[in-house]
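Colleague:
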Amino acid sequence: MSQHCRANPCCGDVPCSGIPLPQHTSGLTFHNKTPETAHPDDEAVDRFAAAMKAKLAKKRAEGRGGWENKDECSAEFLSFLLREHVDKGDPVDVGNLAMMLQQRGERISPTPTDTATAGRLEEAMRYAENLAVAIHETHYSEVTQWRPLSGDLVGLLTQIDNMIAGLYPRTLTHPHPSNGDEVERLREAIRTTRAIVCDGALVGFNPLEGDWAERLYTNNGSLTAALKGPSHELR
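First residue of the sequence shown: 2, per my numbering; consecutive thereafter.
1) In whole angstroms, what separates the C-alpha of THR38 from that of ASP72?
2) With a CB to CB cut of under 7 Å and the five nearest residues on each side skipped, what residues in its chain are close to SER151?
3) Between which two residues does the alpha helix (DSSP H) containing VAL87 stretch?
4) Under a three-way DSSP split, which group does HIS40 fall into?
5) Give me the residue from GLU69, ALA125, ASP47 with the minimum Cα distance to LEU98.
6) Excluding the 5 residues preceding and the 5 following PRO149 in the sequence, name in chain order all residues of the same chain whose CB lies nearer than 7 Å to its CB.
7) Locate the alpha helix (DSSP H) running through LEU102, then write down its first and last residues.
8) Could you tell me the distance, in whole angstroms, from the CA atom of THR139 to the CA atom of ARG105?
9) Tell me which same chain residues have a C-beta within less than 8 Å of the C-beta of LEU102, skipping the five on either side of it?
10) Suppose the cutoff is 7 Å on Cβ atoms and the five residues either side in sequence are ignored; what does the same chain contact list for LEU57 look like?
11) Would you report the Cα separation of GLY67 and PRO41, rounded to the nearest angstrom?
12) Which one of TRP147, GLU124, GLY167, ASP94 has the shortest CA to CA distance from MET53?
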């Protein structure tokens with residue numbers, strides 16, 4: 002029997018020009034998959050990508066988005082959401098958040114060790130939810146099936162944006178007509194909340210400054226009054 006291989010296992014039937022066949026290759030198995038045969042890894046990734054796209058489409062229909070905007074959604078915040086969704090247990094949500102970071106060219110941020118920093122993010126979440134509820138109770142109370150996206154700061158800010166965008170056309174028909182000053186106060190509240198997660202800096206900023214903001218934070222009973230009252234201004 003010849004001591005030389007008759008076919009190159011890496012390249013098919015191309016002769017190896019008389020190169021001796023090493024003895025230790027005799028036990029190797031070479032997989033000659035045809036291009037038409039998909040690897041299980043590729044099939045799994047395709048199925049997972051389809052599930053991710055379906056989940057993203059569902060959330061877009063609910064008004065969520067903006068992850069690609071680094072000015073309004075920091076890597077630290079996406080990393081915070083990723084860890085939260087690990088505990089919630091849905092791998093598709095975790096995959097989507099990991100995708101967002103990867104597509105932005107960012108890494109998962111370290112877990113905050115500063116309790117004040119972590120607390121400020123939770124504070125922003127409460128503030129945004131109270132603001133969303135206030136706008137709904139004041140201007141959209143007839144939409145009884147509406148619910149705030151609790152625990153999702155980006156989602157809450159999207160809800161607020163969408164509701165504020167609808168205030169101008171409702172001016173002539175709604176029992177509590179809006180005006181430019183009120184809308185600008187609401188927009189300032191959004192900017193106040195967003196400032197906490199911009200630039201990756203979640204420290205050194207207290208959103209609950211000023212009587213109007215404190216009333217929003219305190220309890221839902223005074224939220225509507227806070228929005229209606231022209232004397233309450235955001236600092």
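Don't be surprised by glycine CBs; every beta carbon is placed ideally from N, CA and C.
Modeller: With the given structure in hand:
1) Taking the sequence shown and counting its residues from 1, the one referred to as residue 38 is at position 37. Taking the sequence shown and counting its residues from 1, the one referred to as residue 72 is at position 71. Each residue's Cα considered, the two are about 44 Å apart.
2) Counted from its first residue, the sequence shown places residue 151 at position 150. Here the set comprises GLU130.
3) On the sequence shown, residue 87 is found 86 positions in, with the first residue counted as 1. Per DSSP, the unbroken alpha helix (DSSP H) holding VAL87 starts and ends at 76–89.
4) Position 39 of the sequence shown, counting from 1, holds the residue named residue 40. Coil, per DSSP.
5) If you number the sequence shown from 1, residue 98 lands on position 97. That would be GLU69, whose Cα lies nearest to the Cα of LEU98.
6) Along the sequence shown, read from residue 1 onward, the residue named residue 149 stands at position 148. For PRO149, where only same-chain residues beyond five positions count, the Cβ hits under 7 Å are GLU130, ALA133, VAL134, LEU157, GLN160.
7) Working through the sequence shown from its first residue, we reach residue 102 at position 101. Where LEU102 is concerned, the enclosing alpha helix (DSSP H) stretches over 92–104.
8) In the sequence shown, the residue the question calls residue 139 occupies position 138. In the sequence shown, the residue the question calls residue 105 occupies position 104. Roughly 37 Å between the two C-alpha positions.
9) Taking the sequence shown and counting its residues from 1, one reaches residue 102 at position 101. Hits under 8 Å: ALA76, LEU79, SER80, LEU83, ARG108, ILE109.
10) Start at 1 with the first residue of the sequence shown, and residue 57 comes out as number 56. Excluding positions up to five away in sequence, the list reads ASN97.
11) Taking the sequence shown and counting its residues from 1, the one referred to as residue 67 is at position 66. Taking the sequence shown and counting its residues from 1, the one referred to as residue 41 is at position 40. Whole-angstrom Cα-Cα distance: 33 Å.
12) In the sequence shown, residue 53 corresponds to position 52, counting from 1. If we check each option's Cα against that of MET53, ASP94 comes out closest.
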